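Colleague: Sending over a structure as structure tokens; questions will come in a sec.
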Amino acid sequence: MPYYVYILVCEDGAFYTGYTQDVEARIRLHKKGRGAKYVRAHMPKKVVYVEEFETRSGAMKREREIKRLTRAEKLRLVNSQL
737 MPYYVYILVC
747 EDGAFYTGYT
757 QDVEARIRLH
767 KKGRGAKYVR
777 AHMPKKVVYV
787 EEFETRSGAM
797 KREREIKRLT
807 RAEKLRLVNS
817 QL
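This is the structure:
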């Protein structure tokens with residue numbers, strides 16, 4: 737089963753990056769206030785980026801890479817998928 741790295745834009749405009757095997761289920765959890773502590777304080781608005789990986793380790797590595805990007809770099813990444 738594949739893994740996915742996703743970027744959410746939150747209601748305050750902040751980005752949140754995470755990984756999961758089921759993006760839709762994970763977003764439902766975020767919207768219910770469960771899951772990552774950061775997202776509980778910054779309610780998710782929508783998914784703006786998704787990348788697929790064959791392994792959990794690949795997804796985790798990419799998540800770390802994305803989290804290190806500047807906001808401008810994340811915007812370019814998000815816009816590249818439009």
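This note's numbering numbers the first residue of the sequence shown as 737 and each following residue consecutively. All residues carry an ideal CB built from backbone N, CA and C; glycine is no exception. Here the structure is a predicted model, which means the values were calculated and not measured.
Alpha carbon to alpha carbon, how far is residue 775 from residue 803?
Modeller: Here the question's residue 775 lines up with position 39 in the sequence shown. Here the question's residue 803 lines up with position 67 in the sequence shown. C-alpha separation (whole angstroms): 14 Å.
Colleague: Please classify residue 738: is it buried, with 16 or more other beta-carbons within 10 angstroms of its beta-carbon, or exposed?
Modeller: The residue given as residue 738 occupies position 2 in the sequence shown. Flag for residue 738 reads exposed.
Colleague: Out of 800, 762 and 784, which has the shortest C-alpha to C-alpha gap to residue 703?
Modeller: Nothing in the structure corresponds to residue 703, since the chain is present only between 737 and 818.
Colleague: Mind the definition here: the segment 787-803 touches the segment 752-762 only if three or more C-beta pairs lie below 8 Å; say whether that holds.
Modeller: Touching, per the Cβ criterion.
Colleague: Contact defined as beta carbons within less than 8 Å: I believe residue 786 pairs with residue 740. What is the distance between those atoms, to the nearest angstrom?
Modeller: Here the question's residue 786 lines up with position 50 in the sequence shown. Here the question's residue 740 lines up with position 4 in the sequence shown. Residue 786 to residue 740, Cβ: 5 Å. Contact.
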